[in-house]
Structure formats: C-alpha cells, structure tokens
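Chemist:
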Amino acid sequence: MLEANGVTVRFGGVAALTDVSVAVAPGEIVGLIGPNGAGKSTLVNVMSGFQRPASGQVLLNGKNVTRDKAHERAIRGISRTFQAARLFANLSVAQNIAVPAIAHGHPPAESEQLAKDLLAWLGMARLADHKGGALPYAEERKVAIARSLAAQPSYLLLDEPAAGMSETDANYLAEKIGEIPALFGCSVLLIEHNINMVMNVCHRVAVLNFGRVLALGTPREILENKAVVSAYLGESD
Ligand SMILES: Nc1ncnc2c1ncn2[C@@H]1O[C@H](COP(=O)(O)OP(=O)(O)O)[C@@H](O)[C@H]1O
Ligand SMILES: [Mg+2]
129 MLEANGVTVR
139 FGGVAALTDV
149 SVAVAPGEIV
159 GLIGPNGAGK
169 STLVNVMSGF
179 QRPASGQVLL
189 NGKNVTRDKA
199 HERAIRGISR
209 TFQAARLFAN
219 LSVAQNIAVP
229 AIAHGHPPAE
239 SEQLAKDLLA
249 WLGMARLADH
259 KGGALPYAEE
269 RKVAIARSLA
279 AQPSYLLLDE
289 PAAGMSETDA
299 NYLAEKIGEI
309 PALFGCSVLL
319 IEHNINMVMN
329 VCHRVAVLNF
339 GRVLALGTPR
349 EILENKAVVS
359 AYLGESD
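Its first residue numbered 129, the sequence shown is counted upward by one per residue in the working numbering.
1) Going by beta carbon distance, what residues of the same chain come within less than 8 Å of threonine 136, once the five residues before and after it are set aside?
2) Specify the secondary structure class of leucine 361 as computed by DSSP and reduced to three states.
3) Whose CA, out of Ala237, Thr296, Asn173 and Met129, lies closest to the CA of asparagine 322?
4) Which residues are close to ligand 1, meaning CB closer than 6 Å to any heavy atom, in chain order?
5) Hey, valine 152 and leucine 317: beta-carbon distance below 8 Å or not?
6) Within 8 Å, do at least three Cβ pairs link the segment 231-246 to the segment 183-198?
7) Expressed to the nearest angstrom, what Euclidean distance is found between the alpha-carbon atoms of arginine 332 and lysine 354?
8) With 16 as the cutoff for other CB atoms within 10 Å, does aspartate 365 come out buried or exposed?
9) At the level of alpha carbons, what is the spacing between isoleucine 157 and phenylalanine 210?
10) Fully enclosed by the segment 220-259, which alpha helix (DSSP H) runs are 4 residues long or longer?
11) Whose CA, out of Leu351, Asp245 and Leu336, lies closest to the CA of isoleucine 225?
12) Excluding the 5 residues flanking phenylalanine 338 on each side, which residues of the same chain have their C-beta closer than 7 Å to its C-beta?
13) Is it buried or exposed for threonine 170, if we count other Cβ within 10 angstroms and need 16 for buried?
14) What residues in its chain sit with their C-beta under 7 Å from that of glutamate 240, if we drop five residues either side in the sequence?
15) Work out the CA separation of glutamine 179 and glycine 140 for me, nearest whole Å.
16) Can you tell which of Ala279, Cys314, Ala310 and Val326 has its C-alpha closest to the C-alpha of glutamate 238?
17) Suppose the cutoff is 7 Å on Cβ atoms and the five residues either side in sequence are ignored; what does the same chain contact list for leucine 250 look like?
18) For alanine 343, I'd like the list of residues in its chain whose CB is within less than 7 Å of its CB, leaving aside the five on either flank, ordered along the chain.
19) Can you tell me whether glutamate 131 is buried or exposed, with buried defined as 16 or more other CB within 10 angstroms of its CB?
20) Secondary structure at arginine 195, three-state DSSP: helix, strand or coil?
21) Using a Cβ-Cβ cut-off of 8 Å, state whether threonine 136 counts as contacting chain D.
22) For arginine 348, count the other beta carbons within 10 Å of its own beta carbon; 16 or more makes it buried, fewer makes it exposed. Which is it?
23) How about serine 176 and arginine 201: are their beta carbons less than 8 Å apart?
24) In angstroms, rounded to a whole number, what distance separates the CA positions of glutamate 369 and leucine 215?
25) Is valine 171 helix, strand or coil by DSSP?
And the structure:
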C-alpha cells in the first residue's frame with residue numbers, strides 16, 4: 129500500500145495541498161482528477177519524494193518514507209513520470225528504456241531485453257533502434273512510461289500521460305495502463321484530464337479541488353457526485 133496521510137504543502141502563501149489523504153492498494157489503479165492548480169502534481173511530487181510536505185506522511189507498506197529522498201523511494205519501488213519529461217536524444221529508444229533497469233542493478237543484456245519486451249507490449253518494437261530525440265510526440269510519451277516500468281516498480285505514478293495525444297492514441301494508452309497491474313504486478317496512480325480514460329481504467333477515483341480531497345469513490349460514485357459535477361465535470365452531459 130502507498131499512502132499519503134494528511135498531507136499539507138504550502139508555497140509561500142498558497143496552500144497547494146491541505147490535509148490530503150489518498151491511498152493506492154496493491155493491484156489498484158487510482159485516478160486523480162481535478163481542475164488545473166488543484167494540487168495533483170504536487171501530491172505526486174510528495175508521494176515520489178520530490179516535494180517535502182509541511183505536515184502529513186507518506187507511508188509505503190506501513191513504513192514512513194516521508195523523509196526518504198526520491199532515489200531512495202525509487203529503489204523501494206515507487207516510480208513516476210513527469211508531465212513534460214524528455215528522452216536522452218542520442219541514445220536509442222531501447223537504451224533509453226534500459227537505463228533505469230541497469231541503474232536498478234540488472235545486467236545490461238537483460239535490461240535491453242526488458243526494454244524490447246516493453247516496446248513490443250506498447251506496439252513499438254520497430255522503434256527500438258531509433259534515436260530518443262527523433263520520436264513523434266505520442267511515442268515519446270509511451271516510451272516515458274516504458275522507461276518508468278523498466279525500474280520494475282510496485283507503484284507507478286503517471287502525471288497526465290495522455291496530455292496532448294489524439295483520441296486514438298489516448299484510448300490505446302488507456303488500454304495499456306489498464307494492463308499494468310496484472311502484467312507487471314504494479315499499482316497505478318493516474319493523473320488525467322481525459323475523463324473517459326479515468327472512468328474506464330480506474331478502480332477508484334480521487335477528486336482534488338483547491339488542494340483538498342473533494343470526493344473519493346468508484347468511477348460511478350464520482351460521476352454521480354453533485355459537488356464533483358459542479359466543481360469539475362460540468363453539467364453539460
Ligand atoms: N514549485 C512551486 N512553487 C510555487 N507554487 C507552486 C509550485 N508548484 C505548484 N505550485 C502551486 O500549487 C498549486 C497546485 O499546483 P499543481 O500541483 O501543479 O496543480 P495541478 O497539477 O493539479 O494542476 C497551484 O496553485 C500552483 O501554482
Ligand atoms: Mg499538474
């Protein structure tokens with residue numbers, strides 16, 4: 129279990145998060161939605177060790193990891209993507225994915241094979257030897273996810289992985305994200321604005337608004353929650 133417990137983060141006078149508690153259980157895909165500026169990325173930063181909270185804790189399997197640095201949490205199985213992460217331009221796509229596996233102590237040959245397996249899973253085997261700097265946008269986003277999975281995490285935190293993708297690419301990605309728990313034994317926390325994607329793929333959804341948890345429930349409960357509809361989803365449909 130990966131838990132944020134009563135997390136508060138302030139940036140100067142701005143309360144980015146106030147007493148936020150969200151947990152991801154083994155095998156689960158939890159959606160994290162809410163308007164721009166609601167604190168979604170800040171929560172992922174806190175859970176992955178890139179932001180120290182003013183108060184509250186992050187627990188990994190019951191152990192307090194709040195003061196552990198990002199690389200220490202990565203070793204313990206917490207991996208994340210960034211909203212605008214770039215690949216190493218001069219390494220091949222397969223090498224880009226193999227780097228975290230090697231960094232986590234896997235032999236290079238085994239790491240390259242893992243990279244190729246991840247590319248095949250994403251339908252991108254033909255791009256293995258292309259340069260990381262020369263990929264179309266959607267492919268670059270998918271490689272970033274493969275790279276995070278190459279560290280063989282138990283918890284993967286995805287920050288808007290489908291942002292800027294076509295609907296076709298986003299749907300394909302949603303299908304792949306849905307496969308992650310069973311295929312890789314890895315739970316997912318998914319920040320995403322594409323509501324269809326969140327509702328189709330997530331077991332539970334947390335809604336943040338002005339740095340607070342507005343609602344937490346199954347996709348159906350969230351779609352029917354009046355406070356969520358008026359704060360975020362809109363009344364139109
Ligand atoms: N490093 C930072 N310094 C100052 N303010 C920040 C920083 N990061 C985020 N914020 C502010 O915290 C709030 C939450 O931001 P963020 O977590 O990025 O929201 P979201 O990902 O939901 O769009 C916003 O008001 C944002 O401007
Ligand atoms: Mg964000």
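Ideal Cβ positions, reconstructed from N, Cα and C, are used throughout, including at glycine. Computed from a predicted model, the values in this text were never measured in an experiment.
Modeler: Result, derived from the coordinates:
1) Ala143, Leu145, Thr146, Asp147, Val148, Pro181, Ala182, Ser183 and Gly184
2) DSSP places leucine 361 in helix when its eight states are reduced to three.
3) Thr296
4) That gives Phe139, Val142, Ala144, Gly162, Asn164, Gly165, Ala166, Gly167, Lys168, Ser169 and Thr170.
5) yes
6) no
7) 17 Å
8) Note that aspartate 365 scores 47 on pLDDT, short of 50, meaning its location in the model is unreliable; the coordinates nonetheless yield the value given after this. Aspartate 365 should be labelled exposed.
9) 18 Å
10) 221-231 and 236-249
11) Asp245
12) Ala166
13) buried
14) Ala222 and Ala226
15) 14 Å
16) Ala279
17) Excluding residues within five positions, the ones whose Cβ falls inside 7 Å are Lys270, Ala274 and Lys304.
18) Val335, Ile350, Asn353, Ala355 and Val356
19) Classification of glutamate 131: buried, given that the 10 Å Cβ count is 16 or more.
20) coil
21) Chain labels in this structure do not include chain D; a single protein chain is all it has.
22) exposed
23) yes
24) The displayed coordinates of the chain run from 129 to 365. Any statement about residue 369 would go beyond what the structure contains.
25) It is leucine, not valine, that sits at residue 171 in the sequence shown. In this structure, leucine 171 counts as helix in the three-state DSSP scheme.
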